[in-house]
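*Asks:* Residue numbers (the numbering used here): 265 to 699. Starting off with a structure, shown below.
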Ligand code: EPU
């Protein structure tokens, strides 16, 4: 009913129940955070388990909405999945369907990676096209071309990719760019291809190594993962079996918490991480003026005093600077002592956080794939909205360092990739809560 005190011509904004994170900025964060397993390894290893036709166990699994969504998709294919104490038990003996519908794939792009294992196991697969998203077009041409080179017929029709092959045959496949998803789909299909497959210009990310280790534990023959050339010697499908794997630490979660020290002039230690996976960030954090200490084997401490120094930064495929930490670093550079330039080379539209940071007072101009960030004395708290997972993390970091109160919405993005996000910041002394 219309509020009588408001003239009828004025639109009344209905209060929403949308959850938000409320941050009161300005407290230096001090303390230690334990890092979870890497989302982007777990999701693909869940898909890889389809190949085993047996029981697999994935350890060190973060409790994330993406993991639950992928479990739903796998159950829909016939898998039995249990998630307890950060451990996933996946029984794929009952998998009897080779179709991943739009309902699932549209909610979780990573699930597109079931294409390779379904094709390998059933000689056919029907998987919904994931479509674009807030950060870019996200094409799948390299997945398609790779599978065709393995001998599959691949047709894209009515929003679905249909792939079938009476037999997959090893091939030498050069990727025009080192796509993670394409490397994974090709690797997962070629594990059972006849003969040898070589993926040239493969993605070299640590998550690819984790997936390859899991495949090898299942009886596959994959070598070279972590380099630009992955060699897969095909084995018969029925020789693959169940296996247990530990998930590597999430370098992006670790990076986000290390950056919190810079956002708040604090001292943050992350444990259970792998410093070798974070050298590009560590180098940039040092350049911004923070002190970085490494404690073998799995701990990094960052201490920040004063304002960050401006830097220039370009995102690159691993081992270059990760696109996923571009937005969080931008939140820090917004208050740097000078002007920084950030160039995004992986996605065509990954500066969605800029408009929101501007609402907090940031002086950022975007030209093409470059952003010019003129450091200001301080950000001021505002109502802001996450457009994707890492933009959401960036806004929380910005809020932690800002003067006053910030309200961050769009939390379903953050919950996709950060387990216990606010609780971990609370543990570091932040004034933060979710309502
Ligand atoms: N690309 C093509 N053709 C293809 C495949 C990719 O042009 O066939 C382009 C994409 O459009 C994009 C670039 O290549 O511009 C990189 O794509 P890539 O395939 O490497 O990315 P992805 O596998 O879809 C994963 C992560 C992303 C991360 C990127 C880059 C998962 C689930 N996602 O995506 O992480 O940004 O690699 O490192 O592993 C996230 O976690 O939310 C996230 C976006």
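Every residue, glycine too, gets a C-beta built ideally from N, C-alpha and C.
1) Less than 8 Å between the CB atoms is what I'm expecting for residue 541 and residue 470, so what's the real figure, rounded?
2) Using the C-alpha atoms, what's the distance from residue 604 back to residue 551?
3) Any idea what DSSP makes of residue 243, helix, strand or coil?
4) Rounded to a whole number of angstroms, what is the C-alpha to C-alpha distance between residue 609 and residue 465?
5) Once DSSP output is grouped into helix, strand and coil, what is the label at residue 372?
6) At a cut-off of 7 Å, is residue 332 close to ligand 1 when judged by its beta-carbon and the heavy atoms of the ligand?
7) Looking at ligand 1, does it come within less than 7 Å of residue 303, judged from the CB to the closest heavy atom?
8) Taking buried to mean at least 16 other C-beta atoms within 10 Å of its own C-beta, is residue 561 buried or exposed?
9) Could you give the uninterrupted runs of the beta strand (DSSP E) lying entirely in the segment 290-351, keeping only those of 3 residues or more?
10) Relative to the C-alpha of residue 313, which residue among 385, 292, 420, 406 is closest?
11) Considering only DSSP beta bridges, list what residue 530 is partnered with.
12) For residue 550, name the three-state secondary structure that DSSP assigns.
13) Where does the unbroken beta strand (DSSP E) through residue 558 begin, and where does it stop?
14) Start and end of the alpha helix (DSSP H) containing residue 649?
15) Do residue 427 and residue 260 have their beta-carbon atoms positioned less than 8 Å apart in this structure?
16) Hey, quick one: how far does the alpha helix (DSSP H) through residue 593 stretch, first residue to last?
17) Excluding the 5 residues preceding and the 5 following residue 492 in the sequence, name in chain order all residues of the same chain whose CB lies nearer than 8 Å to its CB.
18) Excluding the five sequence neighbours on either side, which residues of its own chain have a C-beta within less than 8 Å of the C-beta of residue 404, listed in chain order?
19) Nearest by alpha-carbon distance to residue 657: which of 360, 666, 679 is it?
20) For residue 611, verify whether its CB is less than 7 Å away from any heavy atom of ligand 1.
21) Can you find a heavy atom of ligand 1 that lies under 7 Å from the Cβ of residue 588?
22) When you compare each of 512, 612, 485 to residue 501 by their alpha carbons, which one comes out closest?
23) Taking the Cβ atom as the reference point for each residue, do residue 673 and residue 282 lie within a distance shorter than 8 Å?
24) Start and end of the beta strand (DSSP E) containing residue 428?
25) Taking 7 Å as the cut-off, is the beta-carbon of residue 405 closer than that to any non-hydrogen atom of ligand 1?
26) I'd like the span of the beta strand (DSSP E) that includes residue 413, first residue to last.
27) Just verifying my parser: in three-state terms, what is the DSSP assignment at residue 457?
28) Using a Cβ-Cβ cutoff of less than 7 Å, which residues in the same chain neighbour residue 438 once the five nearest sequence positions on both sides are dropped?
29) Could you give the DSSP three-state label for residue 688: helix, strand or coil?
30) Out of 533, 330, 389, which one is the CA nearest neighbour of residue 688?
31) Considering only DSSP beta bridges, list what residue 392 is partnered with.
32) Under 6 Å Cβ to Cβ from residue 379, same chain only, skipping five residues before and after it: list those, please.
33) Quick check on residue 708: does DSSP put it in helix, strand or coil?
34) Mind checking whether the beta-carbon of residue 296 lies closer than 7 Å to any heavy atom of ligand 1?
35) Are three or more beta carbon pairs between the segment 305-324 and the segment 289-296 nearer than 8 Å?
36) Touch check for the segment 521-528 and the segment 503-513: three-plus C-beta pairs under 8 Å?
*Replies:* Short version:
1) Here residue 541 refers to the residue found at position 277 of the chain shown. Here residue 470 refers to the residue found at position 206 of the chain shown. Contact holds; Cβ gap of about 5 Å.
2) Translated into positions along the chain shown, residue 551 becomes position 287. Translated into positions along the chain shown, residue 604 becomes position 340. Residue 551 and residue 604: Cα-Cα distance of roughly 12 Å.
3) No answer is possible for residue 243: the residues shown for the chain start at 265 and end at 699.
4) As a working mapping, residue 609 is identified with position 345 in the chain shown. As a working mapping, residue 465 is identified with position 201 in the chain shown. Those two C-alpha atoms are separated by around 17 Å.
5) Here residue 372 refers to the residue found at position 108 when the chain shown is read from its first residue. In this structure, residue 372 counts as coil in the three-state DSSP scheme.
6) Stepping through the chain shown from its first residue, residue 332 is reached at position 68. Answer for residue 332: no, Cβ out of range of ligand 1.
7) Counted from its first residue, the chain shown places residue 303 at position 39. True, at least one ligand heavy atom lies under 7 Å from that Cβ.
8) Residue numbering aside, residue 561 sits at position 297 when the chain shown is read from its first letter. Looking at its Cβ environment, which holds fewer than 16 other Cβ atoms inside 10 Å, residue 561 is exposed.
9) 294-298, 319-323, 344-348
10) The count along the chain shown starts at 1 and reaches residue 313 at position 49. Looking at the Cα atoms, 385 is the closest of the given residues.
11) Against the chain shown, residue 530 aligns to sequence position 266. According to DSSP, residue 530 bridges with nothing at all.
12) Locating residue 550 in the chain shown gives position 286, where the first residue counts as 1. Of the three classes helix, strand and coil, the one that applies to residue 550 here is helix, per DSSP.
13) Here residue 558 corresponds to residue number 294 of the chain shown, with the count starting at 1. Segment 555-559, the beta strand (DSSP E) holding residue 558.
14) Position 385 of the chain shown, counted from the start, is the residue given in the question as residue 649. Taken as a continuous stretch (DSSP letters only), residue 649 belongs to no alpha helix (DSSP H), being part of the beta strand (DSSP E) at 647-649.
15) This structure leaves residue 260 out entirely; the chain is present only between 265 and 699.
16) For the purposes of this step, residue 593 is identified with residue 329 of the chain shown, where counting begins at 1. Here the alpha helix (DSSP H) through residue 593 covers 590-597.
17) Here residue 492 is taken as the residue at index 228 of the chain shown, counted from 1. Once the five neighbours on either side are set aside, the close Cβ partners of residue 492 are 442, 464, 465, 466, 468.
18) What you label residue 404 is simply residue 140 of the chain shown in a count that begins at 1. These residues qualify, in order along the chain: 376, 393, 394, 425, 445, 446.
19) Taking the chain shown and counting its residues from 1, one reaches residue 657 at position 393. Nearest C-alpha to residue 657: 679.
20) Taking the chain shown and counting its residues from 1, the one referred to as residue 611 is at position 347. Residue 611 Cβ: within cutoff of ligand 1.
21) The residue given as residue 588 occupies position 324 in the chain shown. Yes, Cβ of residue 588 sits closer than 7 Å to a heavy atom of ligand 1.
22) Numbered from its first residue, the chain shown carries residue 501 at position 237. The candidate whose alpha carbon is nearest that of residue 501 is 485.
23) Here residue 673 refers to the residue found at position 409 of the chain shown. Here residue 282 refers to the residue found at position 18 of the chain shown. Going by C-beta atoms, residue 673 is nearer than 8 Å to residue 282.
24) Taking the chain shown and counting its residues from 1, one reaches residue 428 at position 164. Run containing residue 428: 424-428, per the beta strand (DSSP E) assignment.
25) In the chain shown, residue 405 corresponds to position 141, counting from 1. Result yes, Cβ under 7 Å from ligand 1.
26) The count along the chain shown starts at 1 and reaches residue 413 at position 149. Note, residue 413: premise wrong, no beta strand (DSSP E); alpha helix (DSSP H) at 405-413.
27) For this step, residue 457 is matched to residue 193 along the chain shown. DSSP places residue 457 in coil when its eight states are reduced to three.
28) Within the chain shown, the letter at position 174 stands for residue 438. If we look at residue 438 and ignore the five residues flanking it on each side, its Cβ neighbours are 464, 465.
29) Along the chain shown, read from residue 1 onward, the residue named residue 688 stands at position 424. Of the three classes helix, strand and coil, the one that applies to residue 688 here is helix, per DSSP.
30) Against the chain shown, residue 688 aligns to sequence position 424. Checking every option, the nearest Cα to that of residue 688 belongs to 533.
31) Your numbering for residue 392 matches position 128 in the chain shown. BP columns for residue 392 point to 424.
32) Position 115 of the chain shown, counting from 1, holds the residue named residue 379. The answer, listed in chain order, is 389, 391, 449.
33) The structure shown does not extend to residue 708, since the chain is modelled only from 265 through 699, so no value can be given for it.
34) If you number the chain shown from 1, residue 296 lands on position 32. No, the beta carbon of residue 296 sits no closer than 7 Å to any heavy atom of ligand 1.
35) The way I'd put it, the segment 305-324 doesn't touch the segment 289-296; fewer than three beta-carbon pairs between them come closer than 8 Å.
36) no
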